[in-house]
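Numbering-wise, the sequence shown is residues 787 to 847 according to the numbering used here. Positions of the beta carbon are idealized from the N, C-alpha and C atoms, including for glycine. Please read all numbers here as calculations on a predicted model, not as lab measurements.
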Amino acid sequence: MLNYVKTVLTKVSFSALLFEKELRKAINLLIGEEVNELKNWCYTRFGTEHEEILNRCFVVA
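(1) If we require 4 or more residues per run, which alpha helix (DSSP H) segments fall completely within the segment 814 to 845?
(2) Are there 16 or more other CB atoms within 10 angstroms of the CB of Ala802, so buried, or fewer, so exposed?
(3) Within 10 Å of its beta-carbon, does Val791 have 16 or more other beta-carbons around it, so buried, or fewer, so exposed?
(4) According to the Cβ coordinates, are Glu808 and Val794 closer than 8 Å?
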């Protein structure tokens, strides 16, 4: 499931609105360690482009 989420986020990364929507869905869908892996991957992959969204979404997670 984690790989699927990564694919979706990569495909919607052109739109901040879609990216945030899909990221929030992914955080609710994944469990424990997968969320941590997603967080690390997102900051590495999209940290410069969507840092504000990542900070907002991962505060709770």
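In brief:
(1) Taking only runs of at least 4 residues, the alpha helix (DSSP H) segments lying wholly in the segment 814 to 845 are 818 to 832 and 837 to 844.
(2) exposed
(3) buried
(4) Cβ distance < 8 Å, so Glu808 and Val794 count as in contact.
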